[in-house]
Amino acid sequence: MDIRFCGNDERANPSGGLCDEYRLSGITDFTDLIAAYRRIAADHPGFRPLLTLDDFPQACYTSGHIREVLDLNDTTGIDLSDLPPQCFENGEHIGYLSTKAEFPIRARNFAKAVAGSSFADACDHGLTLDEEGWTEWTEFQDGPLSLLDQPLSALLAPVEHGHDALAAFPNGYFVCDLRPALTNAVARHFWQTHGYDLIGVGASYLGFLRAEPPDAMEAGAIAADFCALYTMSAQTARLRHVTRAITGRHHLWLRYTE
Numbered sequence: 078m079d080i081r082f083c084g085n086d087e088r089a090n091p092s093g094g095l096c097d098e099y100r101l102s103g104i105t106d107f108t109d110l111i112a113a114y115r116r117i118a119a120d121h122p123g124f125r126p127l128l129t130l131d132d133f134p135q136a137c138y139t140s141g142h143i144r145e146v147l148d149l150n151d152t153t154g155i156d157l158s159d160l161p162p163q164c165f166e167n168g169e170h171i172g173y174l175s176t177k178a179e180f181p182i183r184a185r186n187f188a189k190a191v192a193g194s195s196f197a198d199a200c201d202h203g204l205t206l207d208e209e210g211w212t213e214w215t216e217f218q219d220g221p222l223s224l225l226d227q228p229l230s231a232l233l234a235p236v237e238h239g240h241d242a243l244a245a246f247p248n249g250y251f252v253c254d255l256r257p258a259l260t261n262a263v264a265r266h267f268w269q270t271h272g273y274d275l276i277g278v279g280a281s282y283l284g285f286l287r288a289e290p291p292d293a294m295e296a297g298a299i300a301a302d303f304c305a306l307y308t309m310s311a312q313t314a315r316l317r318h319v320t321r322a323i324t325g326r327h328h329l330w331l332r333y334t335e
């Protein structure tokens, strides 16, 4: 596996230049990817890496649109005097965020956009997994490398928690999908309740990592929340299947789109 530091060149950077980036390629073993993720995190205290996952071009496209919809580049009422010269043109701010110095503006706007949303709200959204989606999730959970669109980016977001790193690469543009307020709520819930830390986002999936894999009892509680998210709590066979699919594994994929 190749790991290359790319800085924050906004032309290729999924965050638009707000975060430094590592590029990871040639991944043939999921264990190696997790080890690389943890090494990058350890090398950058005070930052949380956020991986890109499935369908990188689509994820970038929808991320750009949701930033506009939620006005995450808004600088109204913010003192911009300490920003670097490249943020300005003819004495005026260029109108979008493009430097690491501006990440706190994005973080502030993101926090405002996601405030007040809960896991119950996400469950009430009505997200479902049809038979095709169910089969896809099972295949990805059983073979986690098959989800990933390589090369991956690992964005270094200066935040405390994994769910807050979504500010660097927000997603959920279409109305039937979970918008950023709800993806953040889901990620926060799975961290606080089940110990899963958000490590990545793609065009359709969120990625989570647990320090220790859940045992059968823990997996049952996790599976109950999984089924609640996709409005299939009454489906006992699905609950058992999810329990088996996550027991003994550090990772968990959650689809946030229809």
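According to my numbering, the residues represented by the sequence shown are 78 to 335, in order.
Every residue gets a Cβ at the ideal spot worked out from N, C-alpha and C, and that includes glycine.
So for residue i, helix, strand or coil by DSSP?
i      : result
Ala288 : coil
Cys96  : coil
Gly84  : strand
Tyr250 : coil
His271 : helix
Cys126 : The sequence shown places Pro at residue 126, rather than the Cys named in the question. If DSSP states are grouped into helix, strand and coil, Pro126 belongs with the strands.
Asp156 : coil
Ile276 : strand
Tyr138 : helix
Tyr173 : coil
Arg315 : helix
Leu329 : strand
Asp109 : helix
Glu166 : strand
Asp148 : coil
Leu101 : strand
Asp132 : coil
Tyr307 : coil
Leu283 : strand
Would you mind sorting residue i into buried or exposed? The rule is 16 or more other CB atoms within 10 Å of its CB.
i      : result
Asn150 : buried
Arg265 : buried
Asn261 : buried
Phe138 : Residue 138 is actually Tyr in this sequence, not Phe. Looking at its Cβ environment, which holds fewer than 16 other Cβ atoms inside 10 Å, Tyr138 is exposed.
Ile171 : exposed
Cys164 : buried
Phe251 : exposed
Thr153 : exposed
Arg125 : buried
Ala113 : buried
Thr105 : exposed
Asn167 : exposed
Gly239 : buried
Cys304 : buried
Thr313 : exposed
Below 7 angstroms CB to CB, which residues in the same chain sit around residue i once its five sequence neighbours on both sides are set aside?
i      : result
His202 : Leu255, Leu259
Ile299 : His271, Pro291, Ile323
Gly103 : Met78, Asp79
Gly141 : none
Take residue i and list the residues in its own chain whose beta-carbon comes closer than 6 angstroms to its own, dropping the five residues that flank it on each side.
i      : result
Arg287 : Gly272, Tyr273, His327
Arg81  : Arg100
Asp131 : Leu224, Asp226, Gly279, Ala280, Ser281, Tyr282
Leu38  : Outside the shown range of the chain (78 to 335) lies residue 38, about which nothing can therefore be said.
Would you say residue i faces chain B, with C-beta separation under 7 angstroms as the test?
i     : result
Glu98 : Looking at the structure shown, chain B is missing, and only one protein chain is on hand.
With a CB to CB cut of under 8 angstroms and the five nearest residues on each side skipped, what residues in its chain are close to residue i?
i      : result
Ser175 : Glu87, Gly93, Gly94, Leu95, Gln163, Cys164
Pro257 : Ile143, Leu147, Phe187, Ala190, Val191, Leu243, Pro247, Asn248, Gly249
Residue ranges of each beta strand (DSSP E) within the stretch 184-244, 3 or longer: 229-234
Given 8 angstroms, three or more beta-carbon pairs between the stretch 200-216 and the stretch 96-112: no
The stretch 169-183 in contact with the stretch 95-104 per 3-pair CB rule at 8 angstroms: yes
Cβ contact (3+ pairs, closer than 8 angstroms) linking the stretch 228-239 and the stretch 114-131: yes
Contact between the stretch 243-252 and the stretch 142-159 (3+ Cβ pairs under 8 angstroms): yes
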